[in-house]
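Q: Here the sequence shown is numbered in this note's numbering, starting from 29 and rising by one per residue.
For every residue, glycine included, the Cβ atom is placed at its ideal position computed from N, Cα and C.
Source: prediction; values computed, not measured.
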Amino acid sequence: MDQFYIHVRLFKATTEQTKKFEELMLNFHYQKTTKDTDGDCRLIPEGYILKSTMDCDNIVKQTSTIANSAGVEANIFVCKFEQSACLLPSAALVGNDFVYRDLTPKPFKLDS
């Protein structure tokens, strides 16, 4: 199973359509975070990761179908995850580091 990076730019989507699209993407096992040696990293907005046996063309078709189900049009870019930092149009602007540390506070347990 390969890991792919999917970048999706929605057009003229309402907040409700965007939320529905994001929910559908998560239902199809697209992820917004990845793990590295330092912990969880959240992808840039519009970025997803998918582990799949499909090829890039079929992932584009599936993602397009998900967008259509949410009632939106989308530009979709797909590549193998290892190539994404080199192939993303904005990679040079962010120093080829397209993930950032997830600073969301982790839940903690209170001792009773």
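Locate the alpha helix (DSSP H) running through Lys48, then write down its first and last residues.
A: Unbroken alpha helix (DSSP H) run through Lys48: Thr43 to Asn55.
Q: Count the other C-beta atoms from every protein chain shown that fall within 10 angstroms of the C-beta of Val122, then say buried if there are 16 or more, exposed otherwise.
A: A caution first: Val122 carries a pLDDT of 44, below 50, which makes its placement in the model unreliable, though a value can still be read off. Its Cβ having fewer than 16 others within 10 Å, Val122 is exposed.
Q: Do Leu78 and Tyr58 have their C-beta atoms closer together than 9 Å?
A: The answer is yes: Cβ separation under 9 Å.
Q: For Ala95, name the three-state secondary structure that DSSP assigns.
A: Here Ala95 sits in helix by DSSP.
Q: Measure the C-alpha to C-alpha separation of Gly99 and Gln111 and round it to an integer number of angstroms.
A: Rounded to whole angstroms, Gly99 to Gln111 spans 30 Å at the Cα level.
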